[in-house]
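Visitor:
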Amino acid sequence: MTARLFGIGWVFHLKSLTHSLFFVLVSVLQPVIFASIAFFMFESGSQTGTLLYLALGAGLMGIWSATLFGSGGAIQWQRWQGTLELMVGAPPPLLALLLPLTVATATIGIYSVAGTLLWGRLFFGMALDFEHPLTLAVALPATILSLGMLGLLLASTFVLYRNANAFSNLLEYPVWLATGLIVPLSLLPGWVTPISWILSPTWGMRAIRDAAFGGNAWPEIGMCIALGLVYLGLGALALRNFERLARTRATLSLT
Amino acid sequence: MSVSARIFFVGGAISYRALFNWIQPGMYVATMLGSPLFQILFFTYVGRYAGSQDDAFFIVGNAIQVAAMAGIFGMTMGIANERQYGTLQPLLATPANRLAIFAGRALPFVVNGIAVSVFGFVASWLLLDFRPADGSVPALAVAILVTTCSCVALGMLIGSIGLRARDVFFGANLVYFLMLLVCGVNIANDDLPGWLGAIGRCLPLTHGIEAAREIASGAPLGDVSGLLATEALIGLAYATAAYVLFRVFEAEGRRRASLETY
Chain S
224 MTARLFGIGW VFHLKSLTHS LFFVLVSVLQ PVIFASIAFF MFESGSQTGT LLYLALGAGL
284 MGIWSATLFG SGGAIQWQRW QGTLELMVGA PPPLLALLLP LTVATATIGI YSVAGTLLWG
344 RLFFGMALDF EHPLTLAVAL PATILSLGML GLLLASTFVL YRNANAFSNL LEYPVWLATG
404 LIVPLSLLPG WVTPISWILS PTWGMRAIRD AAFGGNAWPE IGMCIALGLV YLGLGALALR
464 NFERLARTRA TLSLT
Chain X
5 MSVSARIFFV GGAISYRALF NWIQPGMYVA TMLGSPLFQI LFFTYVGRYA GSQDDAFFIV
65 GNAIQVAAMA GIFGMTMGIA NERQYGTLQP LLATPANRLA IFAGRALPFV VNGIAVSVFG
125 FVASWLLLDF RPADGSVPAL AVAILVTTCS CVALGMLIGS IGLRARDVFF GANLVYFLML
185 LVCGVNIAND DLPGWLGAIG RCLPLTHGIE AAREIASGAP LGDVSGLLAT EALIGLAYAT
245 AAYVLFRVFE AEGRRRASLE TY
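Sequence lines, in order, name chains S and X.
Residues in the first sequence are numbered consecutively from 224, following the working numbering.
Residues in the second sequence are numbered consecutively from 5, following the working numbering.
#1: Is residue 268 of chain S close to chain X, meaning its C-beta is less than 7 Å from at least one C-beta of that chain?
#2: Can you find the residues in the same chain that come closer than 6 Å, C-beta to C-beta, to residue 142 of chain X, ignoring five residues on each side of it along the sequence?
#3: If you scan the segment 178-205 of chain X from start to end, which runs of the alpha helix (DSSP H) of 4 or more residues do you find wholly inside it?
#4: How many Å lie between residue 119 of chain X and residue 394 of chain S at the Cα?
#5: Name, going along the chain, the residues of the segment 176-188 of chain X whose beta-carbon falls closer than 9 Å to a beta-carbon of chain S.
#6: Using only alpha-carbon positions, find the residue among S:424, S:382, S:455, S:398 that is nearest to residue 298 of chain S.
#7: Can residue 454 of chain S and residue 404 of chain S be called in contact, C-beta distance under 7 Å?
#8: By the DSSP assignment, the alpha helix (DSSP H) with residue 32 of chain X in it spans what residues?
#9: Quick one: list the residues of chain X neighbouring residue 405 of chain S, beta-carbon separation under 8 Å, in chain order.
#10: Give a yes or no on contact between the segment 79-90 of chain X and the segment 10-26 of chain X, applying the rule of three or more CB pairs nearer than 8 Å.
#11: Measure from the alpha carbon of residue 301 of chain S to the alpha carbon of each residue in S:324, S:413, S:229, then state which is nearest.
#12: Can you tell me where the alpha helix (DSSP H) with residue 248 of chain S in it begins and where it stops?
#13: Would you call the segment 220-227 of chain X and the segment 124-138 of chain X touching, i.e. three or more CB-CB distances under 8 Å?
#14: At a CB-CB cut-off below 9 Å, which residues of chain S make contact with residue 123 of chain X?
#15: Just list the alpha helix (DSSP H) runs in the segment 81-116 of chain X, keeping only unbroken ones of 4 residues or longer that don't cross its boundaries, in chain order.
#16: Residues of chain X with CB closer than 8 Å to the CB of residue 202 of chain S, please, in chain order.
#17: Is the beta carbon of residue 159 of chain X closer than 7 Å to that of residue 38 of chain X?
#18: Would DSSP call residue 433 of chain S helix, strand or coil?
#19: Quick one: does the C-beta of residue 177 of chain X sit closer than 6 Å to a heavy atom of the ligand GDP?
#20: Could you tell me which of X:149, X:155, X:115 sits nearest to residue 77 of chain X, measuring between CA atoms?
#21: Is there contact here, the segment 199-211 of chain X with the segment 184-191 of chain X, by at least three beta-carbon pairs under 8 Å?
#22: Compare the Cα-Cα distances from residue 283 of chain S to each of S:234, S:465, S:229, S:364 and report the closest residue.
#23: Counting contacts by CB-CB distance shorter than 7 Å, is residue 265 of chain S in contact with chain X?
#24: Which whole-angstrom value describes the C-beta separation of residue 326 of chain S and residue 368 of chain S, a residue pair presumed to lie in contact below a C-beta threshold of 8 Å?
#25: Below 9 Å on C-beta distance, what does residue 342 of chain S contact in chain X?
#26: Rounded to a whole number of angstroms, what is the C-alpha to C-alpha distance between residue 265 of chain X and residue 246 of chain X?
#27: Quick one: what's got a C-beta closer than 8 Å to residue 255 of chain S's C-beta in the same chain, skipping five residues either side?
#28: Counting only C-beta atoms, is residue 331 of chain S closer than 7 Å to chain X at any point?
#29: CB-CB under 7 Å to residue 72 of chain X, same chain, minus the five flanking residues each way: which ones, in chain order?
#30: So the alpha helix (DSSP H) residue 330 of chain S belongs to, where does it begin and stop?
#31: Output needed in chain order: residues of the segment 385-399 of chain S with a Cβ under 8 Å from some Cβ in chain X.
#32: Below 8 Å on the Cβ atoms is my guess for residue 447 of chain S versus residue 380 of chain S; work out the distance and round it to an integer in Å.
#33: Could you say which of X:237, X:230, X:195 lies nearest to residue 267 of chain S if we only look at CA atoms?
#34: Taking its Cβ as the centre, do 16 or more other Cβ atoms sit within 10 Å of residue 147 of chain X, making it buried, or is it exposed?
#35: For residue 79 of chain X, which residues from the same chain have a beta carbon less than 6 Å from its beta carbon, with the 5 sequence-adjacent residues on both sides left out?
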């Protein structure tokens, strides 16, 4: 029953998000633009980074942006659309209804990876040679799932703040930096590294690069899954707290 | 104060307070100060890793470009939100001078854009050890002013299109990100493919950023006056196009009774 609910909800939200011009921008156009910027910067510089390295990094930047903007405002959007009361009043737990949405926002990020790989292939003749394609086929969904669960945590905590959109705007660049999507963590101040450990895009990016360029991606995939479960637990707790407060204070539909 | 001047100043200020969604303190700090700061840090670190230019190149480029956030998004909201919030019809029913209504909206966003850009430079001075050439600050301020005005003019144009288009914020976002690519913010215009560079030279920012970089490295204002004049002319062209579109869409909206239809 729960699996069916998750599957139907995920497909529904995926279709719904695909029809949003904003998410097309965030998940397809923006990563391609950033991949182009990085490519031209590297081309005119001394760093010998490969195009595939940049394309994968920009793709993951898109997954993070889609998760951040999609999940960060998920509850608020349901509230504005007048569907939040229906979700809370429905027999299944709110978690079972919200999780498909947050995972769908991360899944939209697949468009980012596909978009940046296609961009590299079509415009720059980039070779799509992956060392471990099967591992990549596991690493990518594992990364997306863990980001979806991080999205649940964002959704259930951002809702406590009226200016959740501002948090979303604020957190885009720092996480791109702190998770080493383009710039290696060794170039950043030392205090950033421990922060990167608790962010699943760090491990997802490492897993995807190991799978693409050669290396053992499985420990990183394991870290993605473990962090995803931690996010799920924390998100469930925060969501229960939000639901309890909203029922007690009768503030569910108030923005 | 004449009626038109009052509409220009008071109407512009009221419009800014009413229509600019990011004016609440929390929202303003996170969006207009936090996000630009991290944009500067991000591209400076990418630049360090790529080894293409020195820090000052990215700091000046991005600290000027963040003024476009206020200019483009703010100005788009300042015009297009009239339609979205249902206040366009009453506004256009008044006999007020249209140029005063239109131009008055730009002033707060110019001030805002300058504030954001100055914040970007100060933050870079504190965090990235950015040091412009001695005595260059007044000339740098002129470059910021001119470039912010031209960005606001582009925002006016997008806002005017928003009087007709269904989803103008998609266009505003797309333009903002494309400017990062084609306007010499992070890549020197000469390093871009010819056609991308040509697009960049027709947009606000490109010449202003080039001028600001030269000023920051010690060039006197006179040496970059040509670049700043070009930037100002580009801004003027966009502002004129925006005003013409505004009047055309107003006339069309009246004729078809479609001012607030989507």
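Note that the Cβ used here is the ideal one computed from N, Cα and C, for glycine as well.
Guide: According to the data block:
#1: Taking Cβ atoms only, chain X reaches closer than 7 Å to residue 268 of chain S, which makes this a yes.
#2: Non-local C-beta neighbours of residue 142 of chain X in its own chain, meaning closer than 6 Å and more than five positions away in sequence, are absent.
#3: Qualifying alpha helix (DSSP H) stretches, in chain order: 198-205.
#4: One C-alpha to the other measures close to 21 Å.
#5: Going along the segment 176-188 of chain X in chain order, one finds 177, 178, 181, 182, 184, 185 with a Cβ nearer than 9 Å to chain S.
#6: That would be S:382, whose Cα lies nearest to the Cα of residue 298 of chain S.
#7: Against a cut-off of 7 Å, the Cβ pair of residue 404 of chain S and residue 454 of chain S comes out as no contact.
#8: Where residue 32 of chain X is concerned, the enclosing alpha helix (DSSP H) stretches over 29-32.
#9: Under the 8 Å cutoff, chain X gives 50, 53.
#10: As far as the Cβ criterion goes, the segment 79-90 of chain X touches the segment 10-26 of chain X, which means the pair count is three or higher.
#11: Across the set S:324, S:413, S:229, the C-alpha of S:324 shows the shortest separation from the C-alpha of residue 301 of chain S.
#12: Unbroken run through residue 248 of chain S: none, as it is neither H nor E.
#13: At 8 Å Cβ cutoff, the stretches touch.
#14: The contacting residues do not exist; residue 123 of chain X stays about 14 Å from chain S at best.
#15: Within the segment 81-116 of chain X, the complete alpha helix (DSSP H) runs of at least 4 residues are 92-97.
#16: Outside the displayed range of chain S (224 to 478) lies residue 202 of chain S, so it cannot be described from this structure.
#17: Not a contact, by the Cβ cut-off of 7 Å.
#18: It is helical.
#19: Within the structure as shown, the ligand GDP is missing, as the structure has no ligands at all.
#20: Ranking the options by Cα distance to residue 77 of chain X, first place goes to X:155.
#21: A contact is defined here as three or more CB-CB pairs under 8 Å, and the segment 199-211 of chain X meets this definition with respect to the segment 184-191 of chain X.
#22: The candidate whose alpha carbon is nearest that of residue 283 of chain S is S:364.
#23: Output row for residue 265 of chain S: interface = yes.
#24: Residue 368 of chain S and residue 326 of chain S do touch by the CB rule: their CB atoms are close to 7 Å apart, below 8 Å.
#25: The contacting residues do not exist; residue 342 of chain S stays about 12 Å from chain X at best.
#26: Inter-residue distance for residue 265 of chain X and residue 246 of chain X is about 20 Å (C-alpha atoms, whole angstroms).
#27: Apart from the 5 residues on each side of it in sequence, residue 255 of chain S sits with its Cβ closer than 8 Å to the Cβ of 281, 338, 339, 342 in its chain, given in chain order.
#28: Taking Cβ atoms only, chain X never reaches closer than 7 Å to residue 331 of chain S, which makes this a no.
#29: For residue 72 of chain X, where only same-chain residues beyond five positions count, the Cβ hits under 7 Å are 155, 180, 183, 209.
#30: That run of the alpha helix (DSSP H) goes 317-330.
#31: Per Cβ criterion, the list reads 385, 386, 388, 389, 390, 392, 393, 395, 396, 397, 399.
#32: Between residue 447 of chain S and residue 380 of chain S a beta carbon distance of about 20 Å is seen, past the 8 Å cut, so the two are scored as non-contacting.
#33: Closest by alpha carbon: X:195.
#34: Classification of residue 147 of chain X: buried, given that the 10 Å Cβ count is 16 or more.
#35: Excluding residues within five positions, the ones whose Cβ falls inside 6 Å are 113, 156, 159, 160, 163.
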